[in-house]
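Q: Structure below; questions to follow.
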């Protein structure tokens, strides 16, 4: 990442490793939150279709994208008895989702994005716009089929978010309505909208399968010593290469996340080859985190990230007859926020503001979603005692 990760950690491999996704070049006119953090046990495949010499190709060629689907969608009943007309949701949200094509020295790529404001800012993933090189040309195709030139306003590899801006935005832009990711519950219905495999305007539905899932992605940047850890929304809505940067919306059509990665089946190893496609486990960056990052990118082109200033590893502590997982503090930065408040080597962090810390990467993802200057309450197991340590988060040093 371009900034120091908030909490370094050891590497764990609890699930098969990811491979970078790749796909066909974009069709030009058709619509459509220190040290190095460890890779997540639930590893993820970047869902952008980045076509370059270092990525694996999706073994499929699509000659024609086709227009956005308009057939009637299913009407489903939610837990509260309310019904969701996905046809109406798709019709409302699709004009706010775009296809992004990138062409540069390192190849061509494509992905998705969402219209953020009437000034022409489009939110997408960092890996969508950064994979083709610094001088890459960016084009954005709106849902009505019109294509516009765009420039990169700013990127944040740490959260895998980026903002591009249309150089001549039309007056008809439809900024997406923002929902509330903090009120989501497991089982809520959601819809993913984007440009998978070059098929612009594609919508898929599913549910929120899990919340605060610590996900590490970014194999395309592993060679730079960078990693991304986000407490993501896990969804069963089918997500495929090209969906990166697209919208995950709730039953009211409110943006709750930016689709970013998918789990993939493969052999162990950081660059293992595997099945590049949807297996029913996709991840999205919560809009509550997206808003803070995007506002900084639009304002300054860069992002400050919060950090504790500690190095940790996975561990567990005894709690009566059972054990509780946590993050073992291996060392602290002498002038860092954690050390300043008395945190020391051998402490085990088991919760932040009452929310369980289940691993080092869980700690990373939780701190990543907080703001610089925010105070958090750490629950710490220290020998036979449990203590509370308030810490005011500082800005992570630049790499």
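In the numbering used here, the protein residues as written are 8 to 406.
Quick reminder that beta carbons are idealized off the backbone N, C-alpha and C, glycines included.
Measuring straight from C-alpha to C-alpha, what distance separates residue 122 and residue 95?
A: Looking at the two C-alpha atoms, the distance is approximately 19 Å.
Q: From residue 322 to residue 355, what distance separates their C-alpha atoms?
A: Roughly 8 Å separates the two Cα atoms.
Q: Using only the alpha-carbon positions, how far apart do residue 207 and residue 327 sit?
A: So the alpha carbons of these two residues sit roughly 55 Å apart.
Q: Just grab the DSSP bridge partners of residue 255 for me.
A: Paired residues: 199, 264.
Q: Quick check on the DSSP output: the alpha helix (DSSP H) that includes residue 347 runs from which residue to which?
A: That run of the alpha helix (DSSP H) goes 344–347.
Q: Quick check on residue 395: does DSSP put it in helix, strand or coil?
A: Here residue 395 sits in strand by DSSP.
Q: By alpha-carbon positions, which one of 263, 372, 314 ends up nearest to residue 220?
A: With distances taken between Cα atoms, residue 220 lies closest to 372.
Q: From the DSSP output, in three-state form, read off residue 341 for me.
A: Residue 341: coil per DSSP, three-state reduction.
Q: Kindly provide the ranges of any beta strand (DSSP E) runs that are 3 or more residues long and lie completely inside the segment 350–379, ordered along the chain.
A: Counting whole runs of 3 or more residues, the segment 350–379 contains the beta strand (DSSP E) stretches 355–359.
Q: Nearest-angstrom Cα distance between residue 163 and residue 385?
A: If I take the Cα positions, the gap works out to 27 Å.
Q: Pick helix, strand or coil for residue 299, following the three-state DSSP scheme.
A: Of the three classes helix, strand and coil, the one that applies to residue 299 here is helix, per DSSP.
Q: What's the call for residue 244, buried or exposed, on a 16-neighbour Cβ count within 10 Å?
A: Buried is the call here.
Q: Cβ atoms of residue 170 and residue 184: under 7 Å apart, would you say?
A: Contact flag unset, no.
Q: Would you mind giving the Cβ-Cβ distance between residue 109 and residue 135, rounded to the nearest angstrom? I have them listed as a contact below 8 Å.
A: So it is a contact: roughly 7 Å between Cβ atoms.
Q: Roughly how far, in whole angstroms, is the beta-carbon of residue 187 from the beta-carbon of residue 215, given that I think they are within contact range, below 8 Å?
A: Not confirmed; about 13 Å, so no contact.
Q: What separation, rounded to the nearest whole angstrom, lies between the Cα atoms of residue 42 and residue 157?
A: The predicted model places residue 42 with a pLDDT of 36, which falls under 50 and marks its position as unreliable, so this point remains unresolved.
Q: Answer with buried or exposed for residue 377, where buried requires no fewer than 16 other C-beta atoms within 10 angstroms of its C-beta.
A: Residue 377 is buried by the Cβ-count criterion.
Q: Touching or not, the segment 393–406 and the segment 250–269, by the rule of three or more beta carbon pairs under 8 Å?
A: Contact between the segment 393–406 and the segment 250–269 is absent, because fewer than three Cβ pairs lie under 8 Å.
Q: Quick check on DSSP: helix, strand or coil for residue 96?
A: The answer is helix: DSSP assigns residue 96 an H, G or I state.
Q: How would you call residue 346, buried or exposed, if buried means at least 16 neighbouring beta carbons within 10 angstroms?
A: Burial call: buried.
Q: Do you know whose CA, among 341, 325, 348, 362, lies nearest residue 392's CA?
A: Residue 392 has its Cα closest to that of 325, out of 341, 325, 348, 362.
Q: Would you give the residue range spanned by the beta strand (DSSP E) that residue 109 belongs to?
A: Where residue 109 is concerned, the enclosing beta strand (DSSP E) stretches over 104–111.
Q: Quick one, which of 92, 222, 124 has its alpha-carbon nearest residue 179's?
A: Closest option to residue 179, Cα to Cα, is 124.
Q: Which residues bound the beta strand (DSSP E) around residue 147?
A: Run containing residue 147: 144–148, per the beta strand (DSSP E) assignment.
Q: With distances taken between CB atoms, is the gap from residue 237 to residue 256 smaller than 7 Å?
A: Going by C-beta atoms, residue 237 is not nearer than 7 Å to residue 256.
Q: Checking 7 Å against the spacing of the C-beta atoms, do residue 320 and residue 367 come in under that value?
A: Closer than 7 Å, so yes.
Q: Just reading off the beta strand (DSSP E) that residue 312 is part of, what are its end residues?
A: From DSSP, residue 312 is part of no beta strand (DSSP E); its letter is neither H nor E.
Q: Quick one: residues in its chain with C-beta nearer than 7 Å to the C-beta of residue 128, no 5 flanking neighbours on either side, listed in chain order?
A: Excluding sequence neighbours, residue 128 sits near 160, 170, 172, 305.
Q: So, for residue 175: in the same chain, excluding its five sequence neighbours on each side, which residues have a beta-carbon less than 7 Å away from its beta-carbon?
A: These residues qualify, in order along the chain: 155.
Q: If we call anything under 7 Å between Cβ atoms a contact, is residue 316 one with residue 343?
A: Result yes, Cβ atoms of residue 316 and residue 343 sit closer than 7 Å.
Q: For a quick check, are the C-beta atoms of residue 254 and residue 200 less than 7 Å apart?
A: Yes, the Cβ-Cβ distance between residue 254 and residue 200 is below 7 Å.
Q: Under the three-state reduction of DSSP, which class applies to residue 384: helix, strand or coil?
A: If DSSP states are grouped into helix, strand and coil, residue 384 belongs with the strands.
Q: Around the C-beta of residue 133, are 16 or more other C-beta atoms found within 10 angstroms, so that it is buried, or is it exposed?
A: The residue is buried, with at least 16 neighbouring Cβ atoms inside 10 Å.
Q: DSSP on residue 156, reduced to helix/strand/coil?
A: In this structure, residue 156 counts as strand in the three-state DSSP scheme.
Q: Classify residue 228 as buried or exposed, calling it buried when 16 or more other Cβ atoms lie within 10 Å of its own Cβ.
A: For residue 228, the predicted structure reports a pLDDT of 42, less than 50, and the residue's modelled location is therefore unreliable. A value from the coordinates is still provided. With 16 or more Cβ atoms within 10 Å of its Cβ, residue 228 is classed as buried.
Q: For residue 91, name the three-state secondary structure that DSSP assigns.
A: The answer is strand: DSSP assigns residue 91 an E or B state.
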